[in-house]
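If you're matching positions, the sequence shown starts at 17 in the working numbering and goes up one per residue. Idealized CB from N, CA, C, for every residue including glycine. Values in this document were obtained by computation on a predicted structure and should not be read as measured data. Notes for the one structure printed next.
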Amino acid sequence: MSADAPPRVEVYPGREVVVEFDPELTFECVEDCTWCCQHGVLLYGDDLLELAQRANLAETTTDFRGEKFVTREEKDREDHVADDGCACAFLREDGLCSLHLEEDWKPTRCSVFPLGVWRENGDLHVDIRESAHDHCEGLNVSDRVVIDNLDSFLPELLWELENPDSEREL
């Protein structure tokens, strides 16, 4: 391995990732940001099963290019929404997530943010999403070092997916 090769980190026993971001990077969600909630939340297979226990899938999901996403809906507010006035169906009017707060659960895609995940040459790679550098206010604002907490960002399900690419949007 060359000295310039990105570090490989074991997240779960026998499951490692190639870390493409600065190992000193910290992240913590900040109040009133919700930038990640403004885009479509891709639902992987196990996410659908979990969501079905908490919500009506017919009312809260949509199909796009053969994949399931959480429905985006118009919100009656100027902040916490995308340019089109829409955000995740589970984003409450106070800017908090009903799934996370009321159900103590997050879809895989939400846990992963602000990381980008993809498979390359059989390995799972992680980096900071390009868009997060421009919009995410939680980067480098805390003492929570991302590389030391990868298990809270990367559900084990990701290693089982053929295409874990987290850049796909609704």
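In whole angstroms, give me the CA-to-CA distance for residue i and residue j.
{"i": "Ser168", "j": "Ser127", "result": "7 Å"}
{"i": "Gln54", "j": "Glu44", "result": "18 Å"}
{"i": "Val97", "j": "Glu40", "result": "30 Å"}
{"i": "Val25", "j": "Leu170", "result": "12 Å"}
{"i": "Arg125", "j": "Pro23", "result": "23 Å"}
{"i": "Glu146", "j": "Gly132", "result": "8 Å"}
{"i": "Asp95", "j": "Cys113", "result": "15 Å"}
{"i": "Leu65", "j": "Leu155", "result": "31 Å"}
{"i": "Asp20", "j": "Val34", "result": "13 Å"}
{"i": "Ser158", "j": "Val27", "result": "21 Å"}
{"i": "Asp150", "j": "Trp134", "result": "20 Å"}
{"i": "Arg88", "j": "Leu67", "result": "15 Å"}
{"i": "Pro29", "j": "Ile163", "result": "16 Å"}
{"i": "Asp92", "j": "Asp99", "result": "13 Å"}
{"i": "Asp58", "j": "Arg184", "result": "Residue identity check: residue 58 is Leu in the sequence provided, not Asp. Roughly 7 Å separates the two Cα atoms."}
If distances are taken between C-alpha atoms only, which option among the options comes closest to residue i?
{"i": "Pro188", "options": "His116, Glu40, Ala148", "result": "Here the chain comprises residues numbered 17 to 186, so residue 188 is not present and cannot be evaluated."}
{"i": "Asp110", "options": "Asn179, Thr50, Glu172", "result": "Thr50"}
{"i": "Ala71", "options": "Glu153, Asn137, Glu118, Glu176", "result": "Glu118"}
{"i": "Leu140", "options": "Ala103, Ser182, Asp150, Arg93", "result": "Ser182"}
{"i": "Pro123", "options": "Glu47, Glu90, Leu174, Ala21", "result": "Leu174"}
{"i": "Asp46", "options": "Leu58, Glu153, Glu83", "result": "The question names Asp, yet the displayed sequence has Val at residue 46. Ranking the options by Cα distance to Val46, first place goes to Glu153."}
{"i": "Leu115", "options": "Asp63, Asp95, Val35, Arg93", "result": "Asp63"}
{"i": "Asp120", "options": "Asn179, Pro180, Val27, Gln69", "result": "Gln69"}
{"i": "Val86", "options": "Asp99, Cys52, Asp48, Gly138", "result": "Cys52"}
Would you kindly check if the distance between the Cβ of residue j and the Cβ of residue i is under 8 Å?
{"i": "Val142", "j": "Thr42", "result": "no"}
{"i": "Glu172", "j": "Arg31", "result": "yes"}
{"i": "Gly101", "j": "Glu90", "result": "yes"}
{"i": "Leu166", "j": "Tyr60", "result": "no"}
{"i": "Phe80", "j": "Leu186", "result": "yes"}
Taking only runs that begin and end inside the segment 64 to 105, name each unbroken beta strand (DSSP E) of 3 or more residues, in chain order. Runs found: 77 to 80, 83 to 86, 88 to 90, 102 to 104.
### Task
Report yes or no: do the segment 98 to 107 and the segment 72 to 88 share at least 3 C-beta pairs separated by less than 8 Å?
Yes, the segment 98 to 107 is in contact with the segment 72 to 88.
Check: What are the start and end residues of each continuous beta strand (DSSP E) run of 3 or more residues lying completely inside the segment 110 to 151, in chain order?
Finding: Counting only unbroken stretches of 3 or more residues, the beta strand (DSSP E) elements lying wholly within the segment 110 to 151 are 131 to 136, 139 to 144, in sequence order.
query = What beta strand (DSSP E) runs, 3 residues minimum, are completely inside the segment 18 to 44?
reply = As far as the segment 18 to 44 is concerned, its whole beta strand (DSSP E) runs of at least 3 residues are 24 to 28, 31 to 35.
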